[in-house]
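Written out below as structure tokens is the structure these notes cover.
2 protein chains.
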Amino acid sequence: MLHVNDTEKIIFDAAQKVFTIKGFSGATMDDISKEANVNKAALHYYYRSKEKLFELVFQKNYHVILDKSRNILETTDNIEEIIKKLNNMYFDTLSEHPYLANCILNEYTTNSDRVLGLITSNGSVNFSILRLLALVRVKIFKGKTDFEYSLNLMLNIISVNIFPFLIRPILINLFKMNDVRFNSIMNNRKIYLTDFLSKHLQ
Amino acid sequence: MLHVNDTEKIIFDAAQKVFTIKGFSGATMDDISKEANVNKAALHYYYRSKEKLFELVFQKNYHVILDKSRNILETTDNIEEIIKKLNNMYFDTLSEHPYLANCILNEYTTNSDRVLGLITSNGSVNFSILRLLALVRVKIFKGKTDFEYSLNLMLNIISVNIFPFLIRPILINLFKMNDVRFNSIMNNRKIYLTDFLSKHLQ
DNA sequence: GTCTATAGCGGGATAGAC
DNA sequence: GTCTATCCCGCTATAGAC
Numbered sequence: 000m001l002h003v004n005d006t007e008k009i010i011f012d013a014a015q016k017v018f019t020i021k022g023f024s025g026a027t028m029d030d031i032s033k034e035a036n037v038n039k040a041a042l043h044y045y046y047r048s049k050e051k052l053f054e055l056v057f058q059k060n061y062h063v064i065l066d067k068s069r070n071i072l073e074t075t076d077n078i079e080e081i082i083k084k085l086n087n088m089y090f091d092t093l094s095e096h097p098y099l100a101n102c103i104l105n106e107y108t109t110n111s112d113r114v115l116g117l118i119t120s121n122g123s124v125n126f127s128i129l130r131l132l133a134l135v136r137v138k139i140f141k142g143k144t145d146f147e148y149s150l151n152l153m154l155n156i157i158s159v160n161i162f163p164f165l166i167r168p169i170l171i172n173l174f175k176m177n178d179v180r181f182n183s184i185m186n187n188r189k190i191y192l193t194d195f196l197s198k199h200l201q
Numbered sequence: 000m001l002h003v004n005d006t007e008k009i010i011f012d013a014a015q016k017v018f019t020i021k022g023f024s025g026a027t028m029d030d031i032s033k034e035a036n037v038n039k040a041a042l043h044y045y046y047r048s049k050e051k052l053f054e055l056v057f058q059k060n061y062h063v064i065l066d067k068s069r070n071i072l073e074t075t076d077n078i079e080e081i082i083k084k085l086n087n088m089y090f091d092t093l094s095e096h097p098y099l100a101n102c103i104l105n106e107y108t109t110n111s112d113r114v115l116g117l118i119t120s121n122g123s124v125n126f127s128i129l130r131l132l133a134l135v136r137v138k139i140f141k142g143k144t145d146f147e148y149s150l151n152l153m154l155n156i157i158s159v160n161i162f163p164f165l166i167r168p169i170l171i172n173l174f175k176m177n178d179v180r181f182n183s184i185m186n187n188r189k190i191y192l193t194d195f196l197s198k199h200l201q
């Protein structure tokens, strides 16, 4: 049974933190064991290998945003409402896990083989993104428009929400801001985005 | 003097290809030497170390898009014209170098120390992004609006252009498309985007 | 300037004591 | 279940022959 100080859980959380920031090949088992304050051998005891541990972390990260998106699209009908909820959800999730999007993207780019293997082995993941697009077509366009047009709109919604968080380290360095200032700008941006995106639905 | 088959140039091109896709820690000197069909020792002979070689590749990648953006903003006055040119430029550049944006982003995230060192040692880079934002404020808003509002617009323009290329591997896998189809969708998207973004300038 | 051989080390993984 | 010690591979880097 898991309790708060369970070593297994401590290791997983540390691994998530380290892998998410440094990526699979950038992170070392030593980094993780130091972050978790546990012996390096314990990592292998609980998770067998670096690969296995990474897979679990990646799967979890991958589902965080995806499940929330799907939930919004499945329980909301009004278009403006969907966009507003998505804006809020992206802001909340990415403020809480600043490197989550980078992690997913980074592994997709630098090691697509490993990641594609993980995802195709779990059919529900791909399914849910395709479902997301299908829902956009049905809910926003009532099925009246073509694939490319729906895709373009979906890409715009996701782009303006996620991209600024992806380049967060660049923006913070460039404008010499701290985390508080960055979050404040992104928080104001939520309302701006809802307005920006709604304009295109009339 | 450099000629076409110069070993030094062959190595650099191979390094660019490998580093850009696999990232610094994911790539090995062996990968690069095989890609270049050159002996591994030659890499050290010409570029001393993996770090030095990477720095040169990164600097070059970093300047590709930045210099083009700056050029557009410095030589164009009409707002619609600027956006149209930026859309075309992003499409052309990222179609030709599909992993360029991922490379810059990946290193910023996984190893910000190395990259920030590179960039701050070369003042002109930071300068040119700040200049880009300043130009947006002056050219698009005639200096009449505040920092956050200008930043938001600039973020939107960059987001909708770059993000789809960042998630290119995801899109290609998800919709089972090939490179030709992907490029075709992105090419159509250029016109769509010019229209999409122009709506917000009235 | 190009190659082979090898030094040297960092990092993943395991054996075995406790 | 937790620790120390250690194995061993893969990778960067260099020495030295040609």
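Here the protein sequences come in this chain order: G and D.
Residue numbers for the first sequence follow numbering that gives the first Met the number 0, so the first one is 0 and each next one is one higher.
Residue numbers for the second sequence follow numbering that gives the first Met the number 0, so the first one is 0 and each next one is one higher.
Virtual Cβ for every residue (Gly too), placed ideally from N, Cα, C.
Here the C-alpha atom of Leu134 (chain G) lies approximately 7 Å from the C-alpha atom of Leu72 (chain G). In the DSSP annotation of this structure, the continuous segment of the alpha helix (DSSP H) that includes Ala40 (chain G) starts and ends at Lys39 to Tyr46. In the three-state DSSP reduction, Lys141 (chain G) falls in the coil class, being neither helix nor strand.
Of the candidates D:Leu192, D:Glu147, D:Leu85 and D:Tyr45, D:Glu147 places its Cα closest to the Cα of Ile184 (chain G).
Around the CB of Tyr61 (chain G), 16 or more other CB atoms lie within 10 Å, so the residue is classed as buried. Taking 3 residues as the shortest admissible run, the region 53-88 of chain D contains no complete beta strand (DSSP E) segment at all. For the region 95-116 of chain D, the set of positions with a beta-carbon nearer than 7 Å to some beta-carbon of chain G reads Tyr98, Asn101, Leu104, Asn105, Tyr107, Thr108, Thr109, Asn110, Ser111 and Leu115 in chain order. Here Lys21 (chain D) is buried. Its C-beta has 16 or more other C-beta atoms within 10 Å. The closest CA to that of Asn187 (chain G), considering only G:Leu132, G:Ile82, G:Asn151 and G:Asn87, is found on G:Asn87.
Here Asp12 (chain D) has Ala35 as same chain residues with Cβ atoms under 8 Å from its own Cβ, once five neighbours each way along the sequence are excluded. Not a single C-beta of chain D is nearer than 9 Å to the C-beta of His62 (chain G).
Taking the Cα positions, Met153 (chain G) is about 19 Å away from Asp91 (chain G). In terms of beta-carbon proximity, Tyr89 (chain G) stays away from the interface with chain D, with every pair separated by 9 Å or more. Within the region 152-168 of chain D, contact with chain G at the beta-carbon level (separation under 8 Å) is assigned to Leu154, Asn155, Ile157, Ser158, Val159, Ile161, Phe162, Pro163, Leu165, Ile166 and Pro168.
Using a CB distance cut-off of 9 Å, Tyr46 (chain D) does not count as an interface residue toward chain G. By the C-beta criterion, the region 14-32 of chain G is judged to be in contact with the region 47-59 of chain G, since at least 3 inter-stretch pairs fall below 8 Å.
Annotation: Glu79 (chain G) has no Cβ neighbours in chain D at a cutoff of 9 Å; minimum Cβ distance is about 17 Å.
Taken through DSSP and simplified to helix, strand or coil, Asp30 (chain G) comes out as helix. As summarised for the region 128-197 of chain G, the continuous alpha helix (DSSP H) elements at least 4 residues long and confined to that stretch are 146-165, 167-173 and 178-197, given in chain order.
DSSP, reduced to helix, strand and coil, places His199 (chain G) within a helical segment of the structure shown.
Within a 10 Å sphere around the beta-carbon of Glu79 (chain D) sit fewer than 16 other beta-carbons, which makes this residue exposed. For the C-beta of Phe195 (chain G), the chain D residues within less than 7 Å are, from N- to C-terminus, Asn155 and His199. Residue contact with chain D for Phe53 (chain G): absent (no Cβ-Cβ distance below 9 Å to any residue of chain D).
If you ignore the 5 residues before and after Phe164 (chain G), its C-beta comes within less than 6 Å of the C-beta of Leu93 and Ala100, all in its own chain and listed in chain order. Within the same chain, Met28, Asp29 and Ser32 come within 7 Å of Lys39 (chain G) by CB-CB distance, once the 5 residues on both sides are set aside. Contact between Thr75 (chain D) and Lys84 (chain D) holds: CB atoms are separated by about 6 Å, below the 8 Å threshold.
Inter-residue distance for Ile9 (chain G) and Ile157 (chain D) is about 39 Å (C-alpha atoms, whole angstroms). If you check each beta-carbon in the region 22-40 of chain D against every beta-carbon of chain G, the ones closer than 7 Å belong to Gly22, Ser24 and Gly25.
Within the model, the alpha-carbon separation for Lys198 (chain D) versus Leu173 (chain D) is close to 30 Å. Nearest neighbour of Val17 (chain G) by Cα position, chosen from G:Asn70, G:Tyr89, G:Asp5 and G:Tyr98, turns out to be G:Tyr98. Identification of chain G residues near Ile184 (chain D) by a Cβ-Cβ cut-off of 8 Å yields Glu147 and Leu150, ordered along the chain.
In this structure, the CA atom of Gln15 (chain D) is about 39 Å from the CA atom of Gly142 (chain D).
Here Thr108 (chain D) is buried, its C-beta having at least 16 other C-beta atoms within 10 Å. The Cβ of Asn172 (chain G) sits closer than 9 Å to at least one Cβ of chain D. Taking a beta-carbon distance threshold of 9 Å, Arg188 (chain G) counts as an interface residue toward chain D.
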